[in-house]
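Protein chains in written order, with our numbering: chain F, 42 to 154; chain L, 244 to 355.
What follows is a set of notes on a single structure, which appears directly below.
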Amino acid sequence: ETGVTQSPTHLIKTRGQQVTLRCSSQSGHNTVSWYQQALGQGPQFIFQYYREEENGRGNFPPRFSGLQFPNYSSELNVNALELDDSALYLCASREGAYNSPLHFGNGTRLTVT
Amino acid sequence: KNEVEQSPQNLTAQEGEFITINCSYSVGISALHWLQQHPGGGIVSLFMLSSGKKKHGRLIATINIQEKHSSLHITASHPRDSAVYICAVGPNYGGSQGNLIFGKGTKLSVKP
């Protein structure tokens with residue numbers, strides 16, 4: 042078991058730019074979900090991928106998009122960055138589509154200036 | 244009103260004390276998660292439960308589905324338990340795959 046790893050750990054971007062965050066899930070975990078956590082708040086669900094297809098989405102605009110790859114890695118892409126996108130972005134993987142324990146990464150801290 | 248409410252928001256305890264953190268929710272759920280978040284952001288899943296009670300070491304989690312309430316208990320608290328404890332629920336309405344609704348967390352500080 043190698044755990045869930047996210048990269049980079051910290052990132053600074055300028056408003057209007059695009060960013061790609063990466064997550065490497067545990068082997069055998071075919072579901073990955075992404076969350077945004079603003080400072081002092083609980084995480085908010087962005088979307089979930091199961092077997093490389095999005096199968097659940099929270100209240101985030103289309104400029105938040107993702108990909109999941111066969112090797113259990115995934116990406117979160119955010120276009121046209123806004124200042125309010127500054128947050129900790131967490132990914133979590135699990136076996137199956139839902140209702141199994143989640144394994145979280147340590148997150149990527151994104152700052153938009 | 245948030246769909247998941249935690250109390251207290253902040254908690255300071257002396258080493259050895261028994262600690263209870265509460266979580267109330269207003270939606271139908273398929274499961275409830277208790278998570279631990281340390282400074283720096285990493286989250287560890289402590290429990291996932293849909294009924295009854297689970298125990299792991301000094302941690303105990305209970306859930307009452309009828310009352311839509313869960314508690315996390317820490318016995319013989321230790322300074323290393325200092326962290327933010329987050330309650331999250333998986334709603335059971337359609338199209339909700341993967342969607343977890345999180346509480347804002349309870350910041351626990353255990354003093355030696």
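We put the beta carbon where it would ideally sit given N, CA and C, even for glycine.
Source: prediction; values computed, not measured.
Start and end residues, beta strand (DSSP E) containing residue i
i, result
"Tyr113(F)", "No beta strand (DSSP E) contains Tyr113(F), which DSSP labels as neither H nor E."
"Ala331(L)", "Ala326 to Pro334"
"Val287(L)", "Ile286 to Leu292"
"Asn274(L)", "Rather than Asn, the amino acid found at residue 274(L) in this sequence is Ala. Here the beta strand (DSSP E) through Ala274(L) covers Ile272 to Gln280."
"Ala256(L)", "Asn253 to Gln257"
"His51(F)", "His51 to Lys54"
"Glu248(L)", "Val247 to Ser250"
"Phe88(F)", "Gln85 to Tyr91"
"Ala304(L)", "Leu302 to Asn307"
"Leu351(L)", "Thr349 to Lys354"
"Thr72(F)", "Thr72 to Gln78"
"His312(L)", "His312 to Ile317"
"Ser267(L)", "Ile262 to Tyr268"
"His299(L)", "Gly295 to His299"
"Asn96(F)", "Glu94 to Arg98"
"Val45(F)", "Neither: Val45(F) is in no beta strand (DSSP E) and is coded neither H nor E."
Identity of the residue in the options nearest residue i by Cα
i, options, result
"Leu351(L)", "His281(L), Ile306(L) and Ala304(L)", "His281(L)"
"Thr72(F)", "Asp125(F), Thr55(F), Pro111(F) and Leu80(F)", "Pro111(F)"
"Gln203(F)", "Gly99(F), Gln109(F) and Glu94(F)", "Any question about residue 203(F) goes unanswered here, given that chain F covers just 42 to 154."
"Thr113(F)", "Ser65(F), Thr154(F) and Ile53(F)", "A small correction: the amino acid at residue 113(F) is Tyr; Thr does not occupy that position in the sequence shown. Checking every option, the nearest Cα to that of Tyr113(F) belongs to Ser65(F)."
"Gly346(L)", "Gly83(F), Leu122(F), Pro142(F) and Phe88(F)", "Gly83(F)"
"Leu278(L)", "Met291(L), Val270(L) and Ile272(L)", "Met291(L)"
"Glu226(L)", "Thr349(L), Asn342(L), Lys298(L) and Pro322(L)", "Absent from the model: residue 226(L). The displayed extent of chain L is 244 to 355, so no value can be given."
"Gln309(L)", "Ser293(L), Glu246(L) and Ile344(L)", "Ser293(L)"
"Thr154(F)", "His70(F), Gln59(F) and Leu124(F)", "Leu124(F)"
"Leu343(L)", "Asn120(F), Phe86(F), Phe101(F) and Ala121(F)", "Phe86(F)"
"Lys54(F)", "Leu122(F), Phe101(F) and Cys132(F)", "Leu122(F)"
"Val247(L)", "Val270(L), Val327(L) and Glu258(L)", "Val270(L)"
"His70(F)", "Pro103(F), Pro102(F), Arg56(F) and Tyr91(F)", "Tyr91(F)"
"Ile272(L)", "Val327(L), Asn307(L), Pro355(L) and Leu315(L)", "Asn307(L)"
"Ser250(L)", "Lys298(L), Leu315(L) and His276(L)", "Leu315(L)"
"Leu80(F)", "Asn335(L), Val327(L) and Ile303(L)", "Val327(L)"
"Leu275(L)", "Thr349(L), Asn335(L) and Pro355(L)", "Asn335(L)"
"Gln59(F)", "Gly107(F), Ser141(F) and Leu131(F)", "Gly107(F)"
Contact under 7 Å by Cβ, residue i with residue j
i, j, result
"Thr50(F)", "Gly146(F)", "no"
"Arg301(L)", "Ile286(L)", "no"
"Ser127(F)", "Thr152(F)", "yes"
"Gln67(F)", "Glu93(F)", "no"
"Leu129(F)", "Gly284(L)", "yes"
"Arg63(F)", "Ser74(F)", "no"
"Ser313(L)", "Val353(L)", "no"
"Glu95(F)", "Phe105(F)", "no"
"Thr61(F)", "Asn120(F)", "no"
"Thr305(L)", "Lys296(L)", "yes"
"Ser288(L)", "Leu143(F)", "yes"
Query - At least three beta-carbon pairs within less than 8 Å, the stretch 328 to 337 of chain L to the stretch 265 to 272 of chain L - result: Flag = yes, the stretch 328 to 337 of chain L and the stretch 265 to 272 of chain L touch.
**Report entry** Cβ pair count under 8 Å reaching 3, the stretch 246 to 254 of chain L against the stretch 125 to 145 of chain F
**Finding:** Between the stretch 246 to 254 of chain L and the stretch 125 to 145 of chain F, the count of Cβ pairs shorter than 8 Å is below three; the stretches do not touch.
Query raised in the report: If you scan the stretch 117 to 144 of chain F from start to end, which runs of the alpha helix (DSSP H) of 4 or more residues do you find wholly inside it?
Result: The DSSP assignment places no complete alpha helix (DSSP H) segment of no fewer than 4 residues inside the stretch 117 to 144 of chain F.
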